[in-house]
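> One structure follows; several queries about it will come next.
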Amino acid sequence: MTLKCRFNVGLGFGPGRAWALALAAGLTAGLSGGLAHGQQNSEPFDVNAIQPGRQPAIDLEASPKTTTPVAPPAAVEGAAFQVSRFVVEYRGEHPAHPSIEQITGANVTLGVTPGGYVSPTPGVATVTVRVGEIIEGFGGVFHASALTEVAKAIVGELNQRGYYGVFVQAHPEDVDEITGEDLRGGQRTEMRLVIWTGVVRQVRTVASGDRFATRDPQTGRRVVQNPVDRTNASHARVRQQSPVREGDLVLKEKTDAYVYRLGRHPGRRVDVALASGESPRDVILDYVISESKPWEIYAGLSNTGTSHTNEWREEIGFAHYQLTDSDDVLRVGYNTAGFTDSHALSASYEFPLLSDTIRVKTYGVYSTYDASEVGLAGEEFSGTTWQLGAQVSGTLWQHGQFFLDGIGGARWQDVSVTNDLFGEDGQTQFLIPYVGLQAERYTGWSALNAGVMLEVSVPDLAGTSGSEAGELGRLNAEENWAVLKWNFSQSLFLEPLLNSEGYRGGPGGMQTLAHEVSVSVRGQHALGDARLIPNEQDVIGGMYSVRGYPESAAAGDTVLVASAEYRVHIPHLLPISDPGRIGNRSIGWFGEDFRWAPQQAFGTTDWDFIVKGFADAGRAIVNDKVPGEDDNTLVGVGVGLELLYRRNVSLRLDWGVALQDVDESGQTSVHRGESRLHFGATVKY
79 MTLKCRFNVG LGFGPGRAWA LALAAGLTAG LSGGLAHGQQ NSEPFDVNAI
129 QPGRQPAIDL EASPKTTTPV APPAAVEGAA FQVSRFVVEY RGEHPAHPSI
179 EQITGANVTL GVTPGGYVSP TPGVATVTVR VGEIIEGFGG VFHASALTEV
229 AKAIVGELNQ RGYYGVFVQA HPEDVDEITG EDLRGGQRTE MRLVIWTGVV
279 RQVRTVASGD RFATRDPQTG RRVVQNPVDR TNASHARVRQ QSPVREGDLV
329 LKEKTDAYVY RLGRHPGRRV DVALASGESP RDVILDYVIS ESKPWEIYAG
379 LSNTGTSHTN EWREEIGFAH YQLTDSDDVL RVGYNTAGFT DSHALSASYE
429 FPLLSDTIRV KTYGVYSTYD ASEVGLAGEE FSGTTWQLGA QVSGTLWQHG
479 QFFLDGIGGA RWQDVSVTND LFGEDGQTQF LIPYVGLQAE RYTGWSALNA
529 GVMLEVSVPD LAGTSGSEAG ELGRLNAEEN WAVLKWNFSQ SLFLEPLLNS
579 EGYRGGPGGM QTLAHEVSVS VRGQHALGDA RLIPNEQDVI GGMYSVRGYP
629 ESAAAGDTVL VASAEYRVHI PHLLPISDPG RIGNRSIGWF GEDFRWAPQQ
679 AFGTTDWDFI VKGFADAGRA IVNDKVPGED DNTLVGVGVG LELLYRRNVS
729 LRLDWGVALQ DVDESGQTSV HRGESRLHFG ATVKY
């Protein structure tokens, strides 16, 4: 879910009300017929549809190219005004206003003709000057189009400083608002420009998406009835915690940071739109909240089991992302190998504490397993473990869409093991506090996730038995240990890098999101060369680490896994098309609103077919080895396919080839050149 909060302006300068360079008027026109007054609308208002300078009040026709500047027709450039300097002032005072000196430092580019200054057009000489430097000696005749450029420069300067909901107009005592007539009567040559800054008079939330949608009996489409009147606790909290409140100016930096935070919640995207209030300076700030259905049931099947249990593993689960309408999340999952050999049940509940920046999570896990699942296929033991834990996470720093979170918590873990060969049992408990940092940044074309965590066993508080720890499936395992864990993953589409100008709205170049690169590194290090119990070792080999090898092919106290993928998203290469179509061909299999191909440049689709190549590598290091233990290096390469349908169906097939042997108990368990087909399927409702 990538989200952006952008405000754009429509500028005009011409006869009548178009003298106002109407950002606010432009937004009002866009909203008044839709969400601004709570009318039925299936899609959130697209504030990005309004582009700077795209809708001038007077159409500017470019003159033919010539080496000699030619004055454009007066009818095109508008009326002429004698201006010696500009006097810029605010319509109303506000303590958050930047100074006039800062605003008049804006640069403006003007066309120079024998008849005076005009807007820059092809074939016309230009000059660039600061607005505040237009004084006696520089001034002269300014056509209406040139005044438009001056006002646009002022609005642009305010936008760059983060102020939106802004428009500029000539002072009504200098220029008639209706006719555009010069009212100065030749008495003055200075021209006053008035800056109107929108002041928020109301903060609203506007519902969108499947969470509140019902199917329209006439069109068959899902729409939200009375989106502004839709009230619930989570939306009320969005309004209450808004950093921009009644009486504030519209500051993009604040609203951006807020909607990025709100967008971290699963299944939610938030945009911002502006509507006009009762008076010209009044602005209504709308948070357009698009939410998917708040709960889901899922089932999965994969060949990620081991040969000692069952190669096929099944998974079912339930998640609710608004359990009590408080941005609280409940997750319950069950994983098994053939419903007989291995079982794992997990549950967690997460909720915000005081604000959306601090969250509390409680969780529990119960599982049964055998030696092969913890990377010790040569051993003969089975075990049971359960754990209960709690953690607190909070945002320490945010910069745009980048978040750095601090995490702290602890878990109580009970482990019991039966040695099937000798009939011996071992059982003890552990208290494991942990602390760490987590960073993430998700945009429309890239995803970053990284973290570091320190976990420490505290045997004195838990009453952990050292002798029993050595009976949990591994000789000489220690009860007192510390482990440093880390992860890093970065994926990005190449086109925005290779065609950055096109991604920002310019012409030409590859304007797709089809070619993606992904890299990841994860691992752990047992501090002090500690020998960990099998449950705390990490394993490598299999679908989610080093492909081409069996699951849990090797285990180690210190482990490093790295992976790189190159992906091609085939549907994103299709020509830009309307929903329900590919080019001129209509395809109605999944409804007329199904996006078979991108609808716009750098767009996405409602399905995906991914072709990829990958290379994986892993290293497992065993501390204080005993006979039968080995260090192992795994390297695998291969190709894969992935098919996605909306958020509901995922099919994945990876074929990997092992490039290194795996030694286990003095024997080679995997030979170089062996291959493995990895399969996974998930269905969500």
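With the numbering used here, letter number 615 in the sequence shown gets 693, and the count goes up by one each step, no holes.
Here a beta-carbon is modelled for each residue, glycine too, at the ideal position from N, C-alpha and C.
Report yes if the C-beta distance between residue 219 and residue 240 is below 7 Å; otherwise report no.
No. Outside cutoff.
> In whole angstroms, give me the CA-to-CA distance for residue 346 and residue 737.
In a straight line, the C-alpha of residue 346 is about 43 Å away from that of residue 737.
> Throw me the rounded Cβ distance for the residue 268 and residue 221 pair, which I believe falls under 8 Å.
Their Cβ separation, rounded to whole angstroms, is 17 Å, which puts residue 268 and residue 221 out of contact at 8 Å.
> Pop quiz: residue 647 and residue 686 are said to be a contact at Cβ under 8 Å. What is the actual Cβ separation, rounded to whole angstroms?
So it is a contact: roughly 6 Å between Cβ atoms.
> If you count every other CB in all the chains shown that lies within 10 Å of the CB of residue 552, and 16 or more means buried, which is it?
Flag for residue 552 reads buried.
> Report all residues from its chain with a CB closer than 7 Å to the CB of residue 289; omit the five preceding and five following residues, and keep chain order.
Hits under 7 Å: 369, 370, 371, 372.
> Nearest-angstrom Cα distance between residue 644 and residue 756?
In a straight line, the C-alpha of residue 644 is about 18 Å away from that of residue 756.
> Roughly how many angstroms separate the alpha carbons of residue 590 and residue 597, rounded to a whole number?
Those two C-alpha atoms are separated by around 21 Å.
> Over the uninterrupted beta strand (DSSP E) stretch that includes residue 317, give me the two end residues.
Segment 311 to 318 is the alpha helix (DSSP H) holding residue 317; no beta strand (DSSP E) there.
> Taking C-beta to C-beta, are residue 273 and residue 168 nearer than 7 Å?
Contact flag set, yes.
> Can you tell me whether DSSP reads residue 670 as helix, strand or coil?
Note: residue 670 maps to coil in three-state DSSP.
> As a quick exercise: from 494, 696, 320, pick the residue whose alpha carbon is nearest that of residue 620.
The option with the nearest alpha carbon to residue 620 is 696.
> Which of helix, strand or coil does DSSP assign to residue 578?
Helix.
> Return the CA-CA distance between residue 732 and residue 364, expressed in angstroms with no decimal places.
The straight-line gap from Cα to Cα measures roughly 45 Å.
> Just checking, does the segment 703 to 716 make contact with the segment 648 to 656 on the three C-beta pairs under 8 Å criterion?
No, because fewer than three Cβ pairs between the segment 703 to 716 and the segment 648 to 656 fall closer than 8 Å, the two stretches do not touch.
> Count the other C-beta atoms from every protein chain shown that fall within 10 angstroms of the C-beta of residue 618, then say buried if there are 16 or more, exposed otherwise.
It is buried - the Cβ of residue 618 has at least 16 other Cβ atoms within 10 Å.
> Could you name the residues of the same chain whose beta carbon sits closer than 6 Å to that of residue 82, not counting the 5 residues immediately before and after it, in chain order?
Confidence is the limiting factor: at residue 82 the pLDDT is only 33, short of 50, which leaves the residue's position unreliable and the question unanswerable from this model.
> Just to confirm before moving on: does the CB-CB distance between residue 174 and residue 235 stay below 7 Å?
Cβ atoms of residue 174 and residue 235: not closer than 7 Å.
> Where does residue 144 sit, in a helix, a strand or coil, going by DSSP?
Bear in mind that the predicted position of residue 144 carries a pLDDT of just 33, short of 50, making it unreliable; the figure below should be weighed with that in mind. Correct three-state label for residue 144: coil.
> So, residue 388 versus residue 416, is the Cβ gap smaller than 7 Å?
For residue 388 and residue 416, yes; Cβs fall inside 7 Å.
> Could you check where the alpha helix (DSSP H) with residue 537 kicks off and where it finishes?
Start and end: 537 to 540.
> Could you tell me the alpha carbon to alpha carbon distance between residue 762 and residue 555, rounded to whole angstroms?
Taking the straight line from one Cα to the other gives about 41 Å.
> DSSP beta-bridge partners for residue 732?
Bridge partners of residue 732: 718, 756.
> With a CB to CB cut of under 7 Å and the five nearest residues on each side skipped, what residues in its chain are close to residue 205?
Cβ within range, chain order: 188, 190.
> Is the beta carbon of residue 716 less than 7 Å from the beta carbon of residue 625?
The answer is yes: Cβ separation under 7 Å.
> How would you label residue 418, buried or exposed, when you count the other beta carbons within 10 angstroms and need 16 or more for buried?
Answer is exposed; the Cβ neighbour count stays below 16.
> Beta-carbon within less than 6 Å of residue 528's beta-carbon, same chain only, minus the 5 sequence neighbours each way: which residues are those?
If we look at residue 528 and ignore the five residues flanking it on each side, its Cβ neighbours are 517, 566.
> What residue range is occupied by the uninterrupted beta strand (DSSP E) comprising residue 617?
Counting along the chain, the beta strand (DSSP E) containing residue 617 begins and ends at 616 to 618.
> From the DSSP secondary-structure annotation, give me the bridge partner or partners of residue 531.
Answer is 514, 563, bridged to residue 531.
> Give every residue of the same chain whose Cβ lies closer than 7 Å to the Cβ of residue 145, excluding the five residues on either side of it in the sequence, and list them in chain order.
Model confidence at residue 145 stands at a pLDDT of 35, short of 50, so the residue's coordinates are unreliable; what they give is reported in the following sentence. Closer than 7 Å at the Cβ level, and outside the excluded window around residue 145, lies no residue.
> DSSP three-state call for residue 368: helix, strand or coil?
Three-state result, residue 368: strand.
> Can you tell me the Cα-Cα spacing of residue 486 and residue 166, whole angstroms?
Distance between the alpha carbons of residue 486 and residue 166 is about 53 Å.
> In its own chain, which residues sit with a C-beta less than 8 Å from the C-beta of residue 224, not counting the 5 before and 5 after it?
Cβ within range, chain order: 155, 188, 189, 194, 195, 196, 197.
> Tell me whether residue 573 sits in a helix, a strand or coil according to DSSP, three-state version.
Residue state, collapsed to three classes: helix.
> For residue 539 versus residue 509, is the C-beta distance shorter than 7 Å?
Yes.
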